[in-house]
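Per the working numbering: the sequence shown = residues 12 to 148.
Beta carbons are placed, not taken as given, at the ideal position from N, Cα and C, and that holds for glycine.
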Amino acid sequence: MTTPVRCTECEGRGWKIVTRRGHVAASGLGLAASTQEDCLHCTGPAETPQERFEWEVRIASEQGEALGPCGSSAFQATAMDELRKAMRGMPGDASIRGSIVHKVFDFGAGADGWSSRHIFRAYLDPAGSVLFERVAK
Numbered sequence: 012m013t014t015p016v017r018c019t020e021c022e023g024r025g026w027k028i029v030t031r032r033g034h035v036a037a038s039g040l041g042l043a044a045s046t047q048e049d050c051l052h053c054t055g056p057a058e059t060p061q062e063r064f065e066w067e068v069r070i071a072s073e074q075g076e077a078l079g080p081c082g083s084s085a086f087q088a089t090a091m092d093e094l095r096k097a098m099r100g101m102p103g104d105a106s107i108r109g110s111i112v113h114k115v116f117d118f119g120a121g122a123d124g125w126s127s128r129h130i131f132r133a134y135l136d137p138a139g140s141v142l143f144e145r146v147a148k
């Protein structure tokens with residue numbers, strides 16, 4: 012267990028906590044001793060914005076569209092691969108389409124604080140290949 016440390020920047024009003032970001036990777040590189048101390052009272056540096064790529068498959072039916080398989084990934088290529096795999100796994104007679112949405116958000120921000128935009132639409136051609144179409148800004 013670690014010993015609590017009073018923060019000197021805010022004159023002792025807050026306690027410092029030690030975070031080990033990327034500790035496994037740092038251990039592999041021999042840099043495991045590198046940690047970051049964050050005060051719970053100070054505002055400190057802003058968190059780095061994070062991004063996600065959400066993919067979904069829509070299935071057309073008589074009642075409209077239904078949501079099929081969907082998921083999220085931190086990487087665009089992984090989201091495209093997962094969408095491609097999901098679309099190829101659907102029945103051949105189903106009318107389906109897919110999409111990928113790029114979302115950027117800050118740590119602790121609610122869903123309304125995220126910026127999002129559609130970046131790809133995907134279609135299944137008669138040969139079973141998935142065609143991606145980039146959405147214009």
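Val146 counts as exposed, since fewer than 16 other beta carbons sit within 10 angstroms of its beta carbon. In terms of Cα proximity to Arg63, the closest of Gly75, Gly82, Gln74 is Gly82. Residue nearest to Ala90 within the set Phe143, Cys18, Thr19, Arg17 is Phe143 (criterion: CA-CA distance). Counting every other CB atom within 10 Å of its CB across the protein chains shown gives Ala77 a total below 16, marking it as exposed. Approximately 7 Å separates the beta-carbon atoms of Arg132 and Arg108; this is inside 8 Å, confirming the contact.
The beta carbons of Gly79 and Arg95 sit no closer together than 8 Å.
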